[in-house]
Amino acid sequence: MGTGTERYSAGSISREAQDDLAAKSHERAANAAKDGRLADEIVNVSIPQRKGDPLLVETDEGVRPGTTMESLGGLKPAFDPNGTVTAGNASQLSDGGSAIVMMSKRAVEARGITPLAEVLSYGMVAGPDNTSLLHQPSNAILKALAKIGKQVSDISLFEINEAFAAVGIASMAHLGISDEIVNVNGGAIALGHPIGMSGNRLALSLALELRRRGGGMGAAALCGGGGQGDALIIRSI
Numbered sequence: 057m058g059t060g061t062e063r064y065s066a067g068s069i070s071r072e073a074q075d076d077l078a079a080k081s082h083e084r085a086a087n088a089a090k091d092g093r094l095a096d097e098i099v100n101v102s103i104p105q106r107k108g109d110p111l112l113v114e115t116d117e118g119v120r121p122g123t124t125m126e127s128l129g130g131l132k133p134a135f136d137p138n139g140t141v142t143a144g145n146a147s148q149l150s151d152g153g154s155a156i157v158m159m160s161k162r163a164v165e166a167r168g169i170t171p172l173a174e175v176l177s178y179g180m181v182a183g184p185d186n187t188s189l190l191h192q193p194s195n196a197i198l199k200a201l202a203k204i205g206k207q208v209s210d211i212s213l214f215e216i217n218e219a220f221a222a223v224g225i226a227s228m229a230h231l232g233i234s235d236e237i238v239n240v241n242g243g244a245i246a247l248g249h250p251i252g253m254s255g256n257r258l259a260l261s262l263a264l265e266l267r268r269r270g271g272g273m274g275a276a277a278l279c280g281g282g283g284q285g286d287a288l289i290i291r292s293i
């Protein structure tokens, strides 16, 4: 994925733009943690110690407050000596888990449950190879929107997985949207990208932030290693 990202973004997405997005990811995540917004989606984990009280993990360990473009600029390229992708503007190696309960409308009504959000549509795209992954989140979002006759302008918030900063930059440009409505509480560069849970985390983060803002429609999307993309359109209830 890293070499594919380098090949696709070469000459079109600058190192500075990628480092800027990465710095914003850490800044937004740090602010969200400080203000208690991330606490809404974190389950504390108690880890027994050989001596003394258990260690309580209640914050994401990958968030680095104070990360700047200057500090990121000192990192060497990770995949190509002349490249732009570094350990600082790509997602972290992280462990994590996420859970969401999905129910039919009938089941929700029968149990008297107040749902967090409603799934309106989904989109899945693929190929031709992993050099196409930068635009696959936006391609998947457009496909999901087309299914329900909606436009990008109908979406209030976006969560686009920061597998690499270049993915976010390319997808935002393709959709014609501002980063002010994308990953508003930080993304995978700061929070991590545990394989198998990131998509679920994106949907949960999106649903919670939509609720905090009083409702609206949101889109969550991510790319995949073989050049695929997946997206979900939800509406806050």
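57 is the number of the first residue of the sequence shown in this note's numbering; add one for each residue after it.
Every residue gets a Cβ at the ideal spot worked out from N, C-alpha and C, and that includes glycine.
Below 8 Å between beta carbons: does that hold for residue i and residue j?
| i | j | result |
| --- | --- | --- |
| serine 70 | threonine 124 | no |
| alanine 277 | alanine 263 | no |
| glycine 212 | leucine 258 | For clarity, residue 212 is serine in the given sequence; the question names glycine instead. Not closer than 8 Å, so no. |
| serine 254 | asparagine 217 | yes |
| glycine 183 | phenylalanine 135 | no |
| glycine 283 | leucine 189 | yes |
| glycine 118 | alanine 246 | yes |
Let me confirm a value: residue i is counted as buried when at least 16 other C-beta atoms fall within 10 Å, else exposed. Which label applies?
| i | result |
| --- | --- |
| threonine 142 | buried |
| lysine 203 | exposed |
| leucine 128 | buried |
| lysine 107 | exposed |
| proline 110 | exposed |
| isoleucine 233 | buried |
| threonine 41 | Since the first and last residues shown for the chain are 57 and 293, residue 41 lies out of range. |
| glycine 168 | exposed |
What is the DSSP secondary structure of residue i, counted as helix, strand or coil?
| i | result |
| --- | --- |
| aspartate 76 | helix |
| serine 234 | coil |
| valine 164 | helix |
| serine 209 | helix |
| threonine 218 | In the sequence under discussion, the amino acid at residue 218 is glutamate, which differs from the threonine named in the question. DSSP places glutamate 218 in coil when its eight states are reduced to three. |
| valine 99 | coil |
| valine 223 | helix |
**Study point:** Cβ contact check for the segment 85-96 and the segment 238-251: 3 or more pairs under 8 Å
**Key:** yes
**Study point:** Complete alpha helix (DSSP H) runs within the segment 115-154 (minimum length 4 residues, chain order)
**Key:** 125-129
Review point. Given 8 Å as the limit, is there contact between the segment 224-232 and the segment 147-155, that is, 3 or more CB pairs closer than that?
Key: no
**Study point:** Whole runs of the alpha helix (DSSP H) within the segment 228-291, excluding any shorter than 4 residues
**Key:** 244-247, 254-268
Point to revise | Every unbroken beta strand (DSSP E) inside the segment 163-206 [3 residues or more] | key: The segment 163-206 contains these whole beta strand (DSSP E) runs: 173-182.
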